[in-house]
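Asker: In the UniProt record's numbering, the protein residues as written are 1 to 119.
Ideal Cβ positions, reconstructed from N, Cα and C, are used throughout, including at glycine.
Just so it is clear, the structure is predicted and the values come from calculations on it, not from any experiment.
Quick one: structure below, then a few questions.
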């Protein structure tokens with residue numbers, strides 16, 4: 001008899017990875033902003049080792065989580081991983097740009113208010 005991990009367990013492991021690594025990423029961003037406010041140390045570049053690894057790890061966790069969820073709903077493993085990768089990276093790559101843009105605005109002192117419905 002073959003022992004396999006249940007798909008719900010895979011989803012929980014992926015979700016736990018997302019939460020943990022996003023906390024690390026948010027801590028890195030918060031530290032960069034605090035250093036800018038206190039010591040005027042530039043928050044850029046965003047591409048440090050800890051920020052990149054925590055962000056990519058959270059995307060990997062998102063992929064694992066969605067793969068487990070889709071397999072729970074009887075998607076094939078291959079279709080689940082392909083759809084999960086597509087979903088993770090189509091949302092993750094633009095979000096990296098948003099965070100980088102936010103840090104540029106903070107550094108330049110031109111932080112814009114976000115008004116719902118106005119772009």
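#1: Assign residue 114 to one of three DSSP states: helix, strand, or coil.
#2: Does the Cβ of residue 28 have 16 or more other Cβ atoms within 10 Å, making it buried, or fewer, making it exposed?
#3: Compute the Euclidean distance between the alpha carbons of residue 81 and residue 62, then round it to the nearest angstrom.
#4: Where are the alpha helix (DSSP H) runs, 4 residues long or more, that stay fully inside the stretch 46–81, in chain order?
#5: Please name the residue in 108, 73, 92 whose C-alpha comes closest to that of residue 8.
Answerer: This is what the structure holds:
#1: For residue 114, the secondary structure class from DSSP, reduced to helix, strand or coil, is coil.
#2: By the 10 Å Cβ count, residue 28 comes out buried.
#3: Roughly 11 Å between the two C-alpha positions.
#4: For the stretch 46–81, whole alpha helix (DSSP H) runs of length 4 or above, ordered along the chain, are 49–72.
#5: That would be 73, whose Cα lies nearest to the Cα of residue 8.
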